[in-house]
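Inspection log for the structure reproduced underneath, given as structure tokens.
There are 4 protein chains.
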Amino acid sequence: MQIEIDPISEVPLYQQLRDRVVEGIAAGRLRPGDKLTPVRQLAGQFGINIATVGKGYDLLRAEGLVRTNRTAGSVIARGPHTNDGSAPEWDAAARAGWEARLTTVLAEAVAQGETDGTVLTAAGSILADFADRRSNGDTGAGENDNR
Amino acid sequence: MQIEIDPISEVPLYQQLRDRVVEGIAAGRLRPGDKLTPVRQLAGQFGINIATVGKGYDLLRAEGLVRTNRTAGSVIARGPHTNDGSAPEWDAAARAGWEARLTTVLAEAVAQGETDGTVLTAAGSILADFADRRSNGDTGAGENDNR
Amino acid sequence: MQIEIDPISEVPLYQQLRDRVVEGIAAGRLRPGDKLTPVRQLAGQFGINIATVGKGYDLLRAEGLVRTNRTAGSVIARGPHTNDGSAPEWDAAARAGWEARLTTVLAEAVAQGETDGTVLTAAGSILADFADRRSNGDTGAGENDNR
Amino acid sequence: MQIEIDPISEVPLYQQLRDRVVEGIAAGRLRPGDKLTPVRQLAGQFGINIATVGKGYDLLRAEGLVRTNRTAGSVIARGPHTNDGSAPEWDAAARAGWEARLTTVLAEAVAQGETDGTVLTAAGSILADFADRRSNGDTGAGENDNR
DNA sequence: GTGGTCTAGACCACA
DNA sequence: GTGGTCTAGACCACC
Numbered sequence: 001m002q003i004e005i006d007p008i009s010e011v012p013l014y015q016q017l018r019d020r021v022v023e024g025i026a027a028g029r030l031r032p033g034d035k036l037t038p039v040r041q042l043a044g045q046f047g048i049n050i051a052t053v054g055k056g057y058d059l060l061r062a063e064g065l066v067r068t069n070r071t072a073g074s075v076i077a078r079g080p081h082t083n084d085g086s087a088p089e090w091d092a093a094a095r096a097g098w099e100a101r102l103t104t105v106l107a108e109a110v111a112q113g114e115t116d117g118t119v120l121t122a123a124g125s126i127l128a129d130f131a132d133r134r135s136n137g138d139t140g141a142g143e144n145d146n147r
Numbered sequence: 148m149q150i151e152i153d154p155i156s157e158v159p160l161y162q163q164l165r166d167r168v169v170e171g172i173a174a175g176r177l178r179p180g181d182k183l184t185p186v187r188q189l190a191g192q193f194g195i196n197i198a199t200v201g202k203g204y205d206l207l208r209a210e211g212l213v214r215t216n217r218t219a220g221s222v223i224a225r226g227p228h229t230n231d232g233s234a235p236e237w238d239a240a241a242r243a244g245w246e247a248r249l250t251t252v253l254a255e256a257v258a259q260g261e262t263d264g265t266v267l268t269a270a271g272s273i274l275a276d277f278a279d280r281r282s283n284g285d286t287g288a289g290e291n292d293n294r
Numbered sequence: 295m296q297i298e299i300d301p302i303s304e305v306p307l308y309q310q311l312r313d314r315v316v317e318g319i320a321a322g323r324l325r326p327g328d329k330l331t332p333v334r335q336l337a338g339q340f341g342i343n344i345a346t347v348g349k350g351y352d353l354l355r356a357e358g359l360v361r362t363n364r365t366a367g368s369v370i371a372r373g374p375h376t377n378d379g380s381a382p383e384w385d386a387a388a389r390a391g392w393e394a395r396l397t398t399v400l401a402e403a404v405a406q407g408e409t410d411g412t413v414l415t416a417a418g419s420i421l422a423d424f425a426d427r428r429s430n431g432d433t434g435a436g437e438n439d440n441r
Numbered sequence: 442m443q444i445e446i447d448p449i450s451e452v453p454l455y456q457q458l459r460d461r462v463v464e465g466i467a468a469g470r471l472r473p474g475d476k477l478t479p480v481r482q483l484a485g486q487f488g489i490n491i492a493t494v495g496k497g498y499d500l501l502r503a504e505g506l507v508r509t510n511r512t513a514g515s516v517i518a519r520g521p522h523t524n525d526g527s528a529p530e531w532d533a534a535a536r537a538g539w540e541a542r543l544t545t546v547l548a549e550a551v552a553q554g555e556t557d558g559t560v561l562t563a564a565g566s567i568l569a570d571f572a573d574r575r576s577n578g579d580t581g582a583g584e585n586d587n588r
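Chains as they are written, first to last, in my numbering: chain A, 1 to 147; chain B, 148 to 294; chain C, 295 to 441; chain D, 442 to 588.
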């Protein structure tokens, strides 16, 4: 999965896991239908507890990004806009929470003296980076680099 | 100060307080030199402990946004870019952390199916809103609330 | 940890704690990756409150010298220059504050009539002492004191 | 006196006052026998309380740097080494306290990754700066700039 | 078992 | 009157 986790970070492990998966989806490395690494395997890979991985997957499930099927395991349920006419599916409450979070993050930079232009450019280039990787079919994995 | 705090939220009270102040600075409701509400008063206002408020102010101080003096209380020390040629003063590490946080937030929306345009527009309008309120000299509502 | 704290001193307990840890890092007694004594244990050891120890650790965290994780505890994150090409990471503002503090300390000795040579020698021998202890792999005294 | 005081700094006003005088002595702007500005005048000049100024002078007196004479006011009692064979007069305890303070300051820089050379150079240039100003007879004041 | 959060309440330093 | 310091003690999150 190409995921990196920092065991010392103050960010909880399960949260880091969730964040990396979300970013993976945005960058197209994980596409709708893709199967997530089974909890046991992932836990072993990172040397963390199964419950911790499970909690990360729980978060993703609660956000509707992942669907768990008893037989097929966990699969990605949503993904970047695909021009197929589909509209975003998250509910208003989730959207509002997201906007509040975005507001806080943007405010931090503005309060520190960054210009609106600089901030907007930063956001734009992050989005462009996601888009690039999506269109390049970047699978992230590839060369047996899963260690 | 017109700040609202949600005692139920899982976000720590002192963190919420810090977030609201940061947003206040970005929106120009709190300008460099302005005095923050005294810890005791704010604690009474929210029905929370003085130490909790103090910890929120601690954070702001660590970020360089606020300066505190036993007698004069806490005052805003930094603010939005003012076209005076001053450059942002936060250091590279803080900047990098901010960008990582922004990346995660943007990824959430993209993963949920929002288009890049929609996301960028959302960011743009938040920034524009800050700018508007700054230029309108928006004091937050009411004028006598600094006592 | 072999740390001593003076409960009578007008220097805040948490500040003393922070100072001793910083000195420990400089002298190589605490190396990047080393685990700090858990807050509760240290509090018991000194007969002070957990929150006080926590505040000391907060300071170190804010300076980037320590990283904290709920499960792993607090670990040293930075250390003396290691000739590995790494540059100091503290920001300009922190550096400037440090230099102002150094200026005041040096001025005290000069004003008291110490010669420049004497003062510089004092500084040099302190630094040499740090270096010696680092290269000697001085663990602080005893080997089993990390429990 | 050319002294600048920051009313918002977390450093107590009386401490700032004391620090600036100590630095003034080190830089030769204030020489043994020079008269310090009377407390009332200085208090008025800075818009601070007389007692605060008094407390700053108390500190200097306790350090033996200033002697107060009921008729002549406060005068500088000590100064930089003058090659007259006089030895530093501060007692061992004060000297030890100073060295402990210096140790902490130096440790901060080393812990942050500065090399011994860089730190020693910083100290050297500060001392050289003091010496320069002393030999240049820099009085600091001069052009009616006492406002 | 680790650290984080929060409370209630006391005392002190600064000005 | 302002904020800083410290205590005692409780509860929670993470793993």
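Glycine residues also receive a C-beta, built at the ideal position from the N, C-alpha and C atoms.
Within 8 angstroms, strictly: CB atoms of residue i and residue j
| i | j | result |
| --- | --- | --- |
| Q553(D) | R325(C) | no |
| I491(D) | L454(D) | no |
| V22(A) | V39(A) | no |
| P88(A) | R134(A) | no |
| I273(B) | L106(A) | yes |
| R20(A) | I8(A) | no |
| G358(C) | A240(B) | yes |
| E555(D) | A416(C) | no |
| D385(C) | D279(B) | no |
Any non-hydrogen atom of the ligand MG closer than 7 angstroms to residue i Cβ
| i | result |
| --- | --- |
| S74(A) | As far as ligands go, the structure on display features none, and thus does not contain the ligand MG. |
Euclidean distance between Cα positions of residue i and residue j
| i | j | result |
| --- | --- | --- |
| A243(B) | G124(A) | 16 angstroms |
| V75(A) | R67(A) | 6 angstroms |
| F487(D) | D447(D) | 10 angstroms |
| T544(D) | G474(D) | 32 angstroms |
| Q456(D) | A403(C) | 17 angstroms |
| Y57(A) | L17(A) | 8 angstroms |
| K55(A) | T37(A) | 14 angstroms |
| V119(A) | S380(C) | 29 angstroms |
| N136(A) | K182(B) | 52 angstroms |
| A62(A) | D378(C) | 45 angstroms |
| R101(A) | R248(B) | 10 angstroms |
| T523(D) | G191(B) | 59 angstroms |
Same chain, Cβ closer than 7 angstroms to residue i, neighbours up to 5 away in sequence not counted
| i | result |
| --- | --- |
| V158(B) | none |
| L336(C) | V347 |
| E290(B) | A caution first: E290(B) carries a pLDDT of 38, below 50, which makes its placement in the model unreliable, though a value can still be read off. So no residue of the chain qualifies. |
Sequence-distant residues of the same chain with beta carbon closer than 8 angstroms to residue i, five excluded per side
| i | result |
| --- | --- |
| D276(B) | A174 |
| D557(D) | V551 |
Cβ shell of residue i (< 6 angstroms), same chain only, five flanking positions each side left out
| i | result |
| --- | --- |
| N216(B) | none |
| G24(A) | L30 |
| N146(A) | Note on N146(A): pLDDT 35, under 50, position unreliable in the model; the coordinate value appears next. Answer for N146(A): no residue qualifies. |
Bridge partners - residue i, DSSP secondary structure assignment
| i | result |
| --- | --- |
| T215(B) | S221(B) |
| K476(D) | V516(D) |
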